[in-house]
Amino acid sequence: MQQLEISPDIDFHSETYKDAYSRINAIVIEGELEANANYQRLAELLPESKDDLLGLAKMESRHMKGFQACGRNLQVTPDMEFAKQFFAELHQNFQIAAAEGRIVTCLLIQSLIIECFAISAYNIYIPVADDFARKITEGVVKDEYLHLNFGEEWLKANFESSKAELEEANRQNLPIVWRMLNQVETDARVLGMEKEALVEDFMISYGEALSNIGFGPRDIMRMSAHGLAAA
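Residue 87 in this note's numbering sits at position 3 of the sequence shown, and the numbers go up by one each step.
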């Protein structure tokens, strides 16, 4: 994983930092809130895995509270309206897929795209975080790998029947990630996080997840290109 050296001149209490943090903090809070709702919805769609999925939903709720505490620690009010708009496209696509019973698409959005996005962002953030937020985020990352693993295992077990829908869902949703990254590039840099590092870490995590499910190297390169074309 690519990491950044913590900059000695990051002032966690400057107005510039706190302004950028109000949006980044809101994004992680909203992301965990939506993940909680998504896993609850998946529990309805996959009753045989209901207990596991509800357990993941509870974990996301705990993460959300942890990130709310990070904002309070820096005396920052998260810009939740911004965060809702930030996730709007992925949120809508998940809701449509869930309403149509497209479990594979729901799992790709939540268990692969969103979890890999979160893992990469948290990995890049940890070295440049304030002490309080670092401890919270380190704990969250360990849990996120469990969430990624659920989606990987289910899709691996159902790979042949899921492959075509996975490719279509990837085509529709991966470009959204790059638009999201572009939207927060400036704020992330204020926090010491470079977009190039975020992109690299995401591509590694997402590629590994696709490989674990059953896709070969050529398929992964082709599928990843749908995102890079929009970067």
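Even glycine gets a Cβ: it sits at the ideal position worked out from N, Cα and C. The structure presented is a predicted model; accordingly, all values stated were derived computationally and were not measured.
inquiry  = Between A213, E251, Q267, F166, which has its C-alpha nearest L196's C-alpha?
reply    = The shortest Cα separation from L196 among A213, E251, Q267, F166 belongs to E251.
Integer-rounded CB distance, given that L174 should sit under 8 Å from I260 = Their Cβ separation, rounded to whole angstroms, is 6 Å, which keeps I260 and L174 in contact under 8 Å.
ask   = Would you call the region 133-147 and the region 157-175 touching, i.e. three or more CB-CB distances under 8 Å?
value = No, because fewer than three Cβ pairs between the region 133-147 and the region 157-175 fall closer than 8 Å, the two stretches do not touch.
task = Could you round the C-beta distance between E249 and T189 to whole angstroms and report it? I think they count as a contact, below 8 Å.
result = Confirmed, Cβ separation roughly 6 Å.
message = Would L275 and A153 be called neighbours here (beta carbons separated by less than 8 Å)?
response = No, the Cβ-Cβ distance between L275 and A153 is not below 8 Å.
ask   = Rounded to the nearest angstrom, how far is the Cβ of I208 from that of E228, given a contact under 8 Å?
value = In this structure I208 is not in contact with E228, their Cβ atoms being roughly 13 Å apart against a cut-off of 8 Å.
query = Taking the C-alpha atoms as reference points, what is the distance between Y316 and D95?
reply = Here the chain has residues from 85 to 315 only, and residue 316 is not among them.
inquiry  = I'd like the span of the alpha helix (DSSP H) that includes P162, first residue to last.
reply    = Unbroken run through P162: none, as it is neither H nor E.
D303, DSSP secondary structure in three states = Correct three-state label for D303: helix.
inquiry  = Please state whether the Cβ-Cβ distance between F286 and F216 is less than 8 Å.
reply    = F216 is positioned such that its CB atom lies no closer than 8 Å to that of F286.
Straight-line Cα distance separating P301 from S295 = Those two C-alpha atoms are separated by around 7 Å.
query = Can you give the beta carbon distance from L130 to A182, rounded, assuming they're within the 8 Å contact cut?
reply = Not confirmed; about 11 Å, so no contact.
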